[in-house]
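Worksheet: one structure, shown below.
There are 2 protein chains.
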Amino acid sequence: MKAVPLVLTGFGHVGRAFFSLLREKREDLERRYGLALEVLAVGRAEGCFYAGGPLDARQISQAGEPWTSGNPAWHAGLKVTDAIDRHGGRGGCLVECTLSDLETGEPGLSYVSAALRAGWHAVVASKGALVVGLPDLRALATGNGVALKYSGATAAALPTLDVGLFSLAGARVEGIQGILNGTTNYILTRMGEGLDYAEALKEAQDKGIAEPDPAHDVEGWDTACKILLITNACLGTDYALKDVHVAGITGLAADLVRSARREGRSVKLLATAAPGRTKGRWTLDVRPSLIDPSHPLAQVNGTEKGITFLTDSMGSVTVTGGRSNPRGAAAAMLKDIINIFRPAF
Amino acid sequence: MKAVPLVLTGFGHVGRAFFSLLREKREDLERRYGLALEVLAVGRAEGCFYAGGPLDARQISQAGEPWTSGNPAWHAGLKVTDAIDRHGGRGGCLVECTLSDLETGEPGLSYVSAALRAGWHAVVASKGALVVGLPDLRALATGNGVALKYSGATAAALPTLDVGLFSLAGARVEGIQGILNGTTNYILTRMGEGLDYAEALKEAQDKGIAEPDPAHDVEGWDTACKILLITNACLGTDYALKDVHVAGITGLAADLVRSARREGRSVKLLATAAPGRTKGRWTLDVRPSLIDPSHPLAQVNGTEKGITFLTDSMGSVTVTGGRSNPRGAAAAMLKDIINIFRPAF
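Taken in order, these protein sequences are the chains called B and E.
Following my numbering, the numbering of the first sequence begins with 16 at its first residue and continues without gaps.
Following my numbering, the numbering of the second sequence begins with 16 at its first residue and continues without gaps.
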């Protein structure tokens, strides 16, 4: 049995789902992979939960709220790096699931950098940290001989990076197309069924699918971050968010979606990465697109996501599905951890 | 740069495509993965091509035929194990692409066993060897600390094992459904377009999609082998081919396919693995099935293949596509080799 120390940053929906999943999967992880994953610290901006041994969810929150006052496991002012230092050795894994800013990458960027510098692997769900810092973080990971994985930031339970990097190893990726955001796909699916934009958005918000402030999703930025990260990983490139042409679905005319449907087609917020006109440069864009029923992503409806890779030697490979909720995201992060530490198979 | 010695058994369509692909990808493999793959021997029943260094395709065949008589690289009577022994060290990789018998597993089974015993990894396309010998081969691989991979035998360029074992690591697979044979799917697709069974089969044979003797495909055995291997790998079980209930598409009534189509549905040769009525035992079957247009595999037409995994924590994940030809199969074997030898990522 290999004991793997984890430090978790961010204790929102995904962080909590990760904690529950770890508990649920404990025996299975030991039996199938020989891994004992133990959360040693949970970091927040103001301090850390830390008790010198594996933490239980009850030491962190009570009634769904973080429990700091009077909690012996809460150490105000203790930093994530301190917790890592106190543990001593290299070779643990940071599980980063804060909501990081897309301009600065913080707070995730600092957490991830510090962990990699300390010789810890990092499994990251925070898009901000990656969009801002990926080239530097990759170099840090390589320099320190540790892994940096981010399925949680690239459509989570829908395998995207895995397929591009592992299942298509040796093939040259010649184009990528994806429906990468469940919220906008839900809204567009419902618009195809007769709702107008405002109604579909309201319904998505009422169901907890869309955020109260849906801008990040409906304006296309979430999709843009994902296609950027996937493209850079699969091609080994360093495109920046500003290189992605982004048009969202805000206020999309219901007529357009309905008339597409009458013609047997559908409107999807499609992310595309393809070789551009300038030699060696790719074009990355996100925009509402009409697709035919024979398109491999045509049946991706509701909150589902999907991605198609075009390759030179394996043809076109499409992956669809994967649960779009915190449990799915937590499962994607757990998957990355297993794939860092498992024995060869 | 890591030099990886390979020994190839079988030099039919897939073996030749593998050779070409290696040459085409040489620079790319060095640059992207730091790997220099070198074919040291090509084994046949009667002897080996072996020249004490990396072989070139011209040393093996001329005008598309194996070149033995008068060929200084041909050694009648030399065994694959001799070639491995002559190389010396452990840690090379056998690339097994013979057509092995489904009853005995030979000749592949002997090649793979010998390679694993010699401390060589094995990448296997031969279904016979795996269907007959998988439990023993797995034990041999584990005991010798080497990898046994077989994407080439499990739908090739369509990632099936990768997704089940890597992309879904940590999730519990609760059901598998697949369209796993391109030939039968082509015939059924053309029947949906109006041909009767005999016409569709003839067309597939004329196009080189179906074999002159199509029994292995149309009677469902190829599909049965694949669902068996995928299920055993993902669940860690040891079901045998006799545990799979198999019904093929031989002589399927054209009326049935056409009337399904009129109702907006389609007929597919579906392989299913699902928990059975006996606790702990799964039911594996292969049979022509009617599927609705909303089924995740409904758009898998022509020679395409597809697979759906149902899981506890990641929802349902479907993969479709992947080139169904010798180049696609060769690319799948190359992918397995890369994933055995590449640096951590």
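Backbone N, C-alpha and C fix where the C-beta goes; we use that ideal spot for every residue, glycine too.
The beta carbon of P308(E) lies closer than 6 Å to those of G279 in the same chain, with the five residues before and after it left out.
With contacts defined as CB atoms closer than 8 Å, L256(E) and L117(E) qualify as a contacting pair.
Nearest in C-alpha terms to A262(E), of all of S274(E), D300(E), D228(E), G120(E), is D300(E). Listed in chain order, the positions of the stretch 169-184 of chain E with a beta carbon within less than 8 Å of a beta carbon of chain B are A172, L173, P174, D177, V178, L180, F181, S182, L183, A184. Contact note: L44(B) reaches chain E through G185, using a C-beta cutoff of 9 Å and chain order.
The beta carbon of R276(B) sits closer than 7 Å to the beta carbons of G207 from its chain, once the five residues preceding and following it are set aside; these are given in chain order.
Think of a sphere of 7 Å around the beta carbon of P290(E): no beta carbon from chain B falls inside it, the nearest being about 16 Å out. Between L271(E) and T169(E), the C-beta spacing is not below 8 Å.
Along the length of the stretch 87-124 of chain B, whole alpha helix (DSSP H) runs at least 4 residues long occupy 95-102, reported in chain order.
Using a Cβ-Cβ cut-off of 7 Å, S331(B) is close to G336 of chain E, given in chain order. When A286(B), G251(B), M329(B) are compared, the shortest CA-CA separation from L305(B) is found for A286(B). Residue-level contact check: K222(B) does not touch chain E, since none of the beta carbons of chain E fall below 8 Å from its beta carbon.
Residue pairing from DSSP places A137(E) in a beta bridge opposite L109(E), L163(E). Neighbours of G343(E) in chain B, taken as residues whose beta carbon is under 8 Å from its own, are S328, M329, G330 in chain order.
Pairing V22(E) with A56(E) gives a Cβ-Cβ distance under 8 Å.
Following the DSSP letters along the chain, one finds S281(B) inside the beta strand (DSSP E) bounded by residues 281-290. Listed as beta-bridge partners of D300(B) by DSSP are H260(B), T287(B). Annotation: the continuous beta strand (DSSP E) that includes A51(B) extends over 50-59. Residue burial is scored here from C-beta neighbours: T199(B) has at least 16 other C-beta atoms within 10 angstroms and is therefore classed as buried.
In this chain, the beta strand (DSSP E) harbouring F324(B) covers 321-326. Looking at A137(E), L131(E), T246(E), A215(E), the one whose alpha-carbon comes closest to that of F324(E) is T246(E). Residue pairing for S331(E): DSSP places it in a beta bridge opposite L325(E). In this structure, W135(E) sits near G107(E), with a CB-CB distance shorter than 8 Å. Using a 10 angstroms sphere on the CB of E61(B), the tally of other CB atoms stays under 16, which defines it as exposed. Contact annotation: the stretch 336-348 of chain B does not touch the stretch 85-103 of chain E, with fewer than three C-beta pairs closer than 8 Å. Per DSSP, the continuous alpha helix (DSSP H) segment holding F356(B) begins and ends at 341-356. In the DSSP assignment, the residues bridged to K17(B) are L50(B). Neighbours of A313(B) across chain E, judged by C-beta separation under 8 Å: Q314. Legend: CB atoms of the stretch 144-169 of chain E lying less than 7 Å from CB atoms of chain B belong to residues A162.
L131(E) is outside the set of residues whose beta carbon lies under 8 Å from a beta carbon in chain B.
Annotation: the continuous alpha helix (DSSP H) that includes Y212(B) extends over 212-221.
C-alpha of I75(E) to C-alpha of S274(B): approximately 60 Å in a straight line.
Residues of chain E whose Cβ lies closer than 8 Å to the Cβ of N354(B) are, in chain order, F181, A184.
Note: Y65(B) is bridge-paired with A56(B) in the DSSP secondary-structure output. Between L176(B) and S166(B), the C-beta gap is smaller than 8 Å, which places the two residues in contact. Taking 8 Å as the threshold, the shortest C-beta distance from S309(E) to chain B falls below it.
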